[in-house]
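Q: Each residue of the sequence shown is one higher than the one before, starting from 349 at the first, in our numbering.
Heads up, the beta-carbon is just placed ideally off N, CA and C, and yes, glycines get one too.
These numbers were taken from a predicted model, which means no experiment stands behind them.
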Amino acid sequence: MINSILVALVIAVLSGCSPDYGVADYERGEVAYAARDLQAAALCFKAAAEKNPTNFMARVKLALVNMDLGEIAAARVAIESAIAIDPTSAEARLLDGNIAYLAKDYAGAKCAFSDVSSAKQLPKGIRSKAMVSQAVLELTADMFERARVSLWRAVRLDRRNAAAWYHLGYLSRDTFRFEDAALEQFQMASRLMTDPVRAKTITHEIIPTVRESLRAKAAGKPGAAGRDPGAAAKLVSEGESLTKKDPRRAAAKFSEAYGKDPLSYAAAWNFARSKSASAKSDADIARVLSAFQDAIDQRPNSQLTYRTAARFALDRRRPIRAEKFLSQALAHDPEDKTTLMLYVQTLRRLGKISVAKLYEAYLKEL
């Protein structure tokens, strides 16, 4: 094959003709692709590839354009020919995986994504992209816990990976129902997104919808309509001054403050802590757990609040509630080792051994 190419080049030179390597076709393809004229781009990249059997990039671009056109079979042929030229290209291997995913060759896609994401010698940026693709594959299989961990790994590799934050936002909102975490993640995605159309959708449609949902949730809490923040703050201050010398009176102050303003973090937090030791009945335990949740809703980034609530739930034999507290905590900070360790212990207590091992493996990477 190489000899025949050399012979053709020699003949072209001796005959006074310059060989056509398809450079002009490739450049026209780039212009067409930038203008989203995909049909023209496909024709140009195909011509460039045919004129130069070793043009790796023409084949990669041809695969990409065909993928965008939905011509998956043609895309597979193009990317396979590119990989044959350069088997070491991580970019081509990742594109190969994405095309395999669209072809519903999930085993092939999984293999490609794993090859790229696990190769520590590669740049973190492309490994992060492979992790996101792996997460999308896991979401397709309803493997939500695995997808979440894959997205956490993607963010750890490249904190500017907008796609990772974007998919985390959807996972937090639609699967785990943690809208406060989803809001943060969508905000990160909107700041990092380079696609102006998608960024506008996130900023003007998704984020306002999540914000409104959180606002409605807060407004719908019992007692929220008639809350008195000023009176609650005064009662909390009085209670804090009595905590050491008269705990019972302090607890009464916190209880009154919580009744005055269920949207006060200080009131809910102090009420829950002051009542947790004496809460034995199902009703009292439920009341304390509800207060902890109200505190969390007001300060969703407080890992201490989550862990305190989870430990209370575990002490009162409510491991399912503890699991939810800790899962929400990790949605905000997946790199908090103390929270992760407690979460793994809680999962084991619930008998979710395989899930516990998944998070334990992630913990060891930190």
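Measure the C-alpha to C-alpha separation of glutamate 486 and isoleucine 555 and round it to an integer number of angstroms.
A: Approximately 25 angstroms between the Cα atoms of the pair.
Q: Mind checking which residues open and close the alpha helix (DSSP H) that includes histidine 552?
A: Run containing histidine 552: none; DSSP gives neither H nor E here.
Q: Using CA coordinates, which residue listed in Gly370, Asp385 and Phe640 is at the minimum distance from glutamate 398?
A: For glutamate 398, the nearest C-alpha among the options comes from Gly370.
Q: Aspartate 576 to serine 589, Cα distance in whole Å?
A: Straight-line Cα distance between these residues: approximately 20 angstroms.
Q: In whole angstroms, what is the alpha-carbon distance linking leucine 562 and glutamine 641?
A: Approximately 14 angstroms between the Cα atoms of the pair.
Q: Assuming proline 610 and glycine 571 make a contact with CB atoms under 8 angstroms, what is their CB distance in whole Å?
A: Rounded, the Cβ-Cβ distance is 5 angstroms, consistent with contact.
Q: At a cut of 8 angstroms, does the stretch 647-661 reach the stretch 617-624 through at least three beta carbon pairs?
A: The stretch 647-661 vs the stretch 617-624: in contact.
Q: Less than 7 angstroms between the C-beta atoms of alanine 529 and alanine 658, yes or no?
A: No, these two residues do not count as a Cβ contact at 7 angstroms.
Q: Where does leucine 362 sit, in a helix, a strand or coil, going by DSSP?
A: Confidence is the limiting factor: at leucine 362 the pLDDT is only 40, short of 50, which leaves the residue's position unreliable and the question unanswerable from this model.
Q: Is there contact between the stretch 688-706 and the stretch 521-541, where contact requires at least three CB pairs shorter than 8 angstroms?
A: The stretch 688-706 vs the stretch 521-541: no contact.
Q: Roughly how many angstroms lie between the CA atoms of alanine 677 and aspartate 684, to the nearest whole one?
A: The straight-line gap from Cα to Cα measures roughly 9 angstroms.
Q: Thinking C-beta only, is asparagine 403 closer than 7 angstroms to alanine 395?
A: Cβ distance not < 7 angstroms, so alanine 395 and asparagine 403 don't count as in contact.
Q: Whose C-alpha, out of Pro682, Ala634 and Ala430, is nearest the C-alpha of arginine 665?
A: For arginine 665, the nearest C-alpha among the options comes from Ala634.
Q: Please report the Cβ distance between leucine 516 and serine 476, rounded to the nearest whole angstrom; I am assuming they are in contact, meaning their Cβ atoms lie under 8 angstroms.
A: That pair is no contact at about 13 angstroms.
Q: Please look up how many angstroms separate the CB atoms of arginine 496 and leucine 531, rounded, as I've assumed it's under 8 angstroms.
A: That pair is no contact at about 17 angstroms.
Q: Could you tell me whether the stretch 580-588 touches the stretch 597-617, where touching means 3 or more Cβ pairs closer than 8 angstroms?
A: The stretch 580-588 vs the stretch 597-617: in contact.
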